[in-house]
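Throughout, this note's numbering is defined as the position within the sequence shown, counted from one, plus 136. Note that the Cβ used here is the ideal one computed from N, Cα and C, for glycine as well. The structure presented is a predicted model; accordingly, all values stated were derived computationally and were not measured.
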Amino acid sequence: MSTIAATTLATSQPRASTREWIAVLAGMIGAFMAILNIQITNASLLDIEGGIGTGVDNGAWISTSYLIGEIVVIPLTAYFSGVFSFRRYILVNSVLFPLFSIACAFAHDLGTMIVLRGLQGFAGGVLIPMAFTMVLTKLPKSQQPLGLAIFALSVTFAPAIGPTIGGYLTENYGWQTIFFINAVPSAIMVVALALTLDKQPMQLGLLREGDWAGIFTMAIGLSALQTVLEEGNKEDWFSSPFIVKLSIVAFVFLAAFIWIELTVKKPLVKLSLLRQRNFGIGVAVNVLVGVALFGSVYILPQYLGQVQRYNAEQIGNVLAWTGLPQLLLIPLVPMMMKRFDARYIGFLGISIFAISCFMNVMLSADTAGDQFWIPNIIRAIGQALVLTPITAITTAGIAAADAAAASGLTNMLRNLGGAVGTATLGTVLTKREQFHSNIIGQSITLGRDEVRNRLDQVTGYFMSHGVSDHAVATQKAVVALGQIVKRQALSMGFSDTFAVIGTVLAIAAIALLFAQKPRAGGGAGAH
């Protein structure tokens, strides 16, 4: 009797139509491309810097300007999609995104590239929360875990595979080509969305009711904060008057933004959602996972480029193994969630992710691409098990009416966590490299026999390879020894950054266990 009842219940549950699934999958293309473009330039920055004639210190702005655009626009998406209609807003941005992307390929100076990348991020940032919102509003609860798994694939697979695609295209066809790859997927997305989304009237009257004070303070505050994070390490943080002033701007405007959102009748960002236990915990875990997700994709290419002197394609090939296994594993997660508590699946995934980071804490100058194969596979397994259950836990108690607001807040804070994490890890790397260099340097003195013997060996090497002057050969030997010290200190600095990422993930894993068990079917919203 119970079997018959279960079968009847299963068949009576609403199912999304083919048209709705096409809309959701088209939205996922947009989310995937938008997130992919955060990281796609990472392995190719040196080539792009050379192409537009800017210094190494400024090249990071090519990624940062895009991220600023995304972080600012994500919380605005729920409001503007209500004003201009969901269909019209996503279609317009689906067209603008590839246009701004293609325009980046024709930039000839840093200023133009920064503006175009910022505009590309502003259009692409819209696509991420809108894809998430479609999962929560177009799919019934029974099918939301599958939709969330596809979204998770976008969020975790895209950053992992971005440098691989960017590196391959840069080495074989030139850096400009990485900005052309958005054209065809975007065209498919536009056609599919135009055919499947219902037309709705614009509500321009909402412009008068807009939380414009919140929009203004948020845009200024987040832009200032992101700039502080990007420039802080280079400017030695608060020893720079520029960073101090910008930090004050960020603090004042973000404090004003939070006060406005908590007191205004129709807030731009519904911060009150954070009072819900699962949403608050889920968002906090999302931020910590964002630190690790973006941080690991930032640190590993830096290590391979700086220590191992890998080119863009070689870096991409190493990172590919962080992404490819997720294609196989993430689709299996919804089935696991039907049998096991989502909290425990998320805990397991974050723990495995953390273990993969701790496997990289003993880096040396001999640790190259092959040594990252097993940690990267383990990282891929962990990441595959992370986002779907976390998202199900986060959205478990969210009403359909709050889906867009919850989506904007979750995605903005995860990306912001990534920005904070990347800046923090850059600082950790700099400080720890200096620390290790000083420690190693103290033990390398001419008073030690090992040091004198090593200098004699290297001097002999230079003299046997064309240097006739003994003093010149000795000077070259000293320089070579200094480079060895720097390389080893740099490797140890990178080891420390992986330890920080692993620790952040350990905190996230423990925090997730304090959430309440989500109801079977996961997700939020109603059909």
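**Request:** Identify, in the order they occur along the chain, each residue of the same chain with its Cβ nearer than 7 Å to the Cβ of PHE483, setting aside the five sequence neighbours on each side.
**Result:** ALA645, LEU648 and LEU649
**Request:** Give the DSSP-derived three-state secondary structure of THR177 in the structure shown.
**Result:** coil
**Message:** Tell me which residue opens and which closes the alpha helix (DSSP H) that VAL608 is part of.
**Reply:** 606-648
**Request:** Alpha carbon to alpha carbon, how far is PRO295 from GLU366? Give it in angstroms, no decimals.
**Result:** 19 Å
**Request:** Name the two residues that bound the continuous alpha helix (DSSP H) containing LYS401.
**Result:** It is not in any alpha helix (DSSP H) - LYS401 carries neither H nor E in the DSSP assignment.
**Request:** Please work out which residues of its chain come closer than 7 Å, Cβ to Cβ, to ILE236, disregarding the five sequence neighbours upstream and downstream, and give them in chain order.
**Result:** Note on residue identity: the sequence assigns Phe, not Ile, to residue 236. For PHE236, where only same-chain residues beyond five positions count, the Cβ hits under 7 Å are LEU252, LEU255, GLN256 and ALA259.
**Message:** So within the region 189-232, which uninterrupted alpha helix (DSSP H) runs reach at least 4 residues, ignoring any that extend past its ends?
**Reply:** 197-209 and 213-220
**Request:** State whether the region 225-241 contacts the region 318-332, with contact taken as three or more CB pairs (one from each stretch) at a distance under 8 Å.
**Result:** yes
**Runs of alpha helix (DSSP H) lying entirely within the region 264-331, each at least 4 residues, in chain order** = 280-288 and 294-309
**Prompt:** Is LEU641 closer than 8 Å to ALA420 when the C-beta atoms are compared?
**Reply:** no
**Item:** Helix, strand or coil at HIS572 [DSSP, three-state]
**Value:** helix
**Asked** What separation, rounded to the nearest whole angstrom, lies between the Cα atoms of GLY261 and GLY554?
**Response** 14 Å
**Item:** At least three beta-carbon pairs within less than 8 Å, the region 549-563 to the region 451-467
**Value:** no
**Prompt:** Secondary structure at GLY346, three-state DSSP: helix, strand or coil?
**Reply:** coil
**Asked** GLN256 by DSSP, collapsed to three states: which one?
**Response** helix
**TRP509 burial status per 10 Å Cβ neighbour count (16 or more: buried)** = exposed
**Buried/exposed call for ARG515, threshold 16 Cβ in 10 Å** = buried
**Request:** Indicate whether ALA520 and GLY562 have their beta-carbon atoms separated by less than 8 Å.
**Result:** no
**Item:** For GLN438, the first and last residue of its enclosing alpha helix (DSSP H)
**Value:** 413-442
**Asked** CA-CA distance, LEU172 and GLY298?
**Response** 5 Å
**Request:** Going by CA-CA distance only, name the one from GLN175, LEU390 and ILE188 that's closest to ALA456.
**Result:** GLN175
**Request:** Label PRO150 either buried or exposed according to how many other C-beta atoms from any shown protein chain fall within 10 Å of its C-beta, with 16 as the threshold for buried.
**Result:** exposed
**Residue of GLY618, LEU460 and PHE634 minimising C-alpha distance to ARG590** = GLY618
**Request:** Measure the CB-CB distance between PHE222 and LEU333 and report whether it falls below 8 Å.
**Result:** yes
**Asked** Got a sec? Which residues, its chain only, sit under 7 Å from SER180 by beta carbon, not counting five neighbours each side?
**Response** GLY302, GLY303, THR306, TRP311, ILE314 and ALA448
**Request:** Return the chain-ordered list of same chain residues with a C-beta closer than 6 Å to the C-beta of ALA504, the five sequence neighbours on each side being excluded.
**Result:** GLN444
**Prompt:** Can you tell me whether DSSP reads GLN336 as helix, strand or coil?
**Reply:** coil
**Message:** What would DSSP say about ASP538, mapped onto helix, strand or coil?
**Reply:** helix
**Request:** Would you tell me roughly how many angstroms separate the C-alpha atoms of TYR446 and LEU440, rounded to the nearest one?
**Result:** 6 Å
**Request:** Give the range of the alpha helix (DSSP H) segment to which ASN512 is assigned.
**Result:** 509-520
**Prompt:** Which class does TYR446 belong to by DSSP, given the choice of helix, strand or coil?
**Reply:** coil
**Asked** Just checking, does the region 199-208 make contact with the region 281-295 on the three C-beta pairs under 8 Å criterion?
**Response** no
**VAL231 to GLY166 span [Cα, whole Å]** = 10 Å
**Request:** Mind the definition here: the region 265-272 touches the region 151-163 only if three or more C-beta pairs lie below 8 Å; say whether that holds.
**Result:** yes
**Request:** Hey, could you find the ends of the alpha helix (DSSP H) VAL469 is sitting in?
**Result:** 469-475
**Asked** Can you tell me the Cα-Cα spacing of LEU329 and TYR225, whole angstroms?
**Response** 11 Å
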